[in-house]
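Have a look at the structure below before the remarks.
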Amino acid sequence: MSTTEFRVRAKRLVQAKRLVVKVGSALLVDGKSGRLNRQWLESLAADIARARDRGQQVIVVSSGAIALGRRQLGLKDGRLRLEESQAAAAVGQIRLAHAWKEVFDEHAIAVAQVLLTLGDTEQRRRYLNARRTLDTLLTLGAVPVINENDTVATAEIRYGDNDRLAARVAQMASAECLVLLSDVDGLYTADPSRDPAAVFIPEVTEVTAAIEGMATGPTSGVGSGGMATKVAAGRIAVAAGCNLCIATGRRPNPLRAIEAGERCTWFRRSGTARAVRKQWIAGTLRPGGRLTLDPGAVAALLRGKSLLPAGVVAVEGTFERGDTVSVVDAAGREIARGLCAYSAADAGRLLGRNSKDIEALLGYRGREELIHRDDLVLL
Ligand code: GLU
Numbered sequence: 002m003s004t005t006e007f008r009v010r011a012k013r014l015v016q017a018k019r020l021v022v023k024v025g026s027a028l029l030v031d032g033k034s035g036r037l038n039r040q041w042l043e044s045l046a047a048d049i050a051r052a053r054d055r056g057q058q059v060i061v062v063s064s065g066a067i068a069l070g071r072r073q074l075g076l077k078d079g080r081l082r083l084e085e086s087q088a089a090a091a092v093g094q095i096r097l098a099h100a101w102k103e104v105f106d107e108h109a110i111a112v113a114q115v116l117l118t119l120g121d122t123e124q125r126r127r128y129l130n131a132r133r134t135l136d137t138l139l140t141l142g143a144v145p146v147i148n149e150n151d152t153v154a155t156a157e158i159r160y161g162d163n164d165r166l167a168a169r170v171a172q173m174a175s176a177e178c179l180v181l182l183s184d185v186d187g188l189y190t191a192d193p194s195r196d197p198a199a200v201f202i203p204e205v206t207e208v209t210a211a212i213e214g215m216a217t218g219p220t221s222g223v224g225s226g227g228m229a230t231k232v233a234a235g236r237i238a239v240a241a242g243c244n245l246c247i248a249t250g251r252r253p254n255p256l257r258a259i260e261a262g263e264r265c266t267w268f269r270r271s272g273t274a275r276a277v278r279k280q281w282i283a284g285t286l287r288p289g290g291r292l293t294l295d296p297g298a299v300a301a302l303l304r305g306k307s308l309l310p311a312g313v314v315a316v317e318g319t320f321e322r323g324d325t326v327s328v329v330d331a332a333g334r335e336i337a338r339g340l341c342a343y344s345a346a347d348a349g350r351l352l353g354r355n356s357k358d359i360e361a362l363l364g365y366r367g368r369e370e371l372i373h374r375d376d377l378v379l380l
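Sequential numbering from 2 applies to the sequence shown in this note's numbering.
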């Protein structure tokens, strides 16, 4: 594939409204000295600032906490015990966050540290919470810098690699493009460091068993991912309507290089993030409950508005916050489905009331909408 063809594909990066950039430990931290690659980080921050100037929202998923912390704690090379990696992450994360803050200070960009655990992306309630927090940060103009909360994560409840975490973050944020920057420039038919006949794959349109078979474990020894976790990330991302790109970060200004047509491997999405999410909501087999609306609320919904408690006349069923509910008109016709921001019990208390009374009625400050329009599909 030619530079021009890669440049055309890079439009997926340039035109994404929301972009996630994952940075591997091997790029951030020098393998020998254990020091932060400061200059390189500055060049990436400049690329990200440039994307923001074009109007893009950017989320960073940054590895490197354990690699930075282990050096400061004097832990020896080789595999760390769980407690050691937890300790190393606690020490290294401060340094990592500080480094990101410093490089973004140059561009007057606010950095927000977000540490996630597996539960935050896998449990619906917490997933929705994290999703809203990211939304708010991006709307306020900050760059969320995300890592796994390795200090509290234990073996069973841990991602362990930021490739799949980044893909789940991209899905959670309905991002349109995810760039995995690492020490390899893409996917090959075999490991190119071992097999000289390995052929570069510029584009994956379907993550088949053959593609998964090409991916092997970690090669760099600094991070914990490898090609296998990158392909797994590709699978998650494309299914969520997000294009994914595996590209080398072994050069300054890595995003600019992709935009200019440097080779990388693209995993092409099949639909848009919004469409995929809405399909998923519409396709819920058994909605947990039913909200009946007054005619005014039905009309508002059809105009593309969110559902406010004021327009709801009845709540039925048992559902938790974040579950799918069916939305019906006075005649019982299902007009929409959506993820309810309140449990059935709380929704019942809010029924017919004004959003400004939510805190007084429930004792906590919840969302204004019962179902936000992003979480709502008209049928
Ligand atoms: N979360 C780990 C860290 O910050 C990195 C995981 C990975 O290498 O993918 O050190």
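Yeah, the Cβ is synthetic: ideal placement off N, Cα and C, and Gly gets one too.
Annotated as distal: Gly353 and Val326, with beta-carbon spacing of 8 angstroms or more. Rounded to the nearest whole angstrom, the C-alpha separation of Ala17 and Gly242 is 12 angstroms. Using a Cβ distance threshold of 8 angstroms, Ile60 and Ala168 do not count as a contacting pair. In this structure, DSSP gives Leu302 a helical state, which the three-state scheme calls helix. Distances from the CA of Met2 to each of Cys265, Ala258 and Leu181 were compared; the closest alpha carbon is that of Cys265.
Around the CB of Leu340, 16 or more other CB atoms lie within 10 Å, so the residue is classed as buried. Secondary structure at Glu360: helix, using DSSP grouped into helix, strand and coil. By the beta-carbon neighbour count (other beta carbons within 10 angstroms, threshold 16), Asn163 is buried. Under the criterion of beta carbons closer than 8 angstroms, Ser356 and Pro310 qualify as touching, at roughly 6 angstroms.
Around the beta-carbon of Asp78, fewer than 16 other beta-carbon atoms lie within 10 Å, marking it exposed. Per DSSP, the unbroken beta strand (DSSP E) holding Arg19 starts and ends at Arg19 to Val24.
Shown here, Thr230 sits in a helix according to DSSP, grouped into three states. A distance below 8 angstroms separates the beta carbons of Ala199 and Tyr189. Proximity of the stretch 90-100 to the stretch 59-73 meets the contact definition, three or more beta-carbon pairs being nearer than 8 angstroms. The beta carbon of Thr118 lies closer than 6 angstroms to those of Asn150 and Ala154 in the same chain, with the five residues before and after it left out. Assigned with DSSP and collapsed to three states, Ala100 falls in helix.
With contacts defined as CB atoms closer than 8 angstroms, Arg126 and Arg350 fail to qualify as a contacting pair. The residue among Val112, Gly312 and Asp136 with its C-alpha nearest the C-alpha of Ala46 is Val112. Residue pairing for Phe268: DSSP places it in a beta bridge opposite Val205 and Leu245.
In the three-state DSSP reduction, Glu370 falls in the coil class, being neither helix nor strand. Nearest C-alpha to Glu263 among Gly272, Gly187, Ala315 and Leu139: Gly187.
DSSP places Asn163 in the helix class (H, G or I) of the three-state scheme. If the five residues before and after Gly367 are omitted, its C-beta is found closer than 6 angstroms to the C-beta atoms of Ile359, all from its own chain and listed in chain order.
Rounded to the nearest whole angstrom, the C-alpha separation of Ala274 and Leu76 is 42 angstroms. Taken from the Cβ of Asp151, at least one heavy atom of ligand 1 lies inside 7 angstroms.
Excluding the 5 residues flanking it on each side, Ala191 has same chain C-beta neighbours closer than 6 angstroms at Ala199, in chain order.
Taken through DSSP and simplified to helix, strand or coil, Leu69 comes out as helix. Going by C-alpha positions, Asn148 is about 28 angstroms away from Ala261. Pairing Tyr160 with Ala331, the inter-Cα distance amounts to about 46 angstroms.
Not a single heavy atom of ligand 1 lies less than 7 angstroms from the C-beta of Asp121. In the DSSP assignment, Leu81 falls outside any beta strand (DSSP E) and carries neither an H nor an E.
In the structure shown, Thr325 adopts extended strand secondary structure according to DSSP, grouped into three states. Per DSSP, the unbroken beta strand (DSSP E) holding Ala113 starts and ends at Val112 to Leu117.
Shortest gap from the CB of Gly227 to any heavy atom of ligand 1: 7 angstroms or more.
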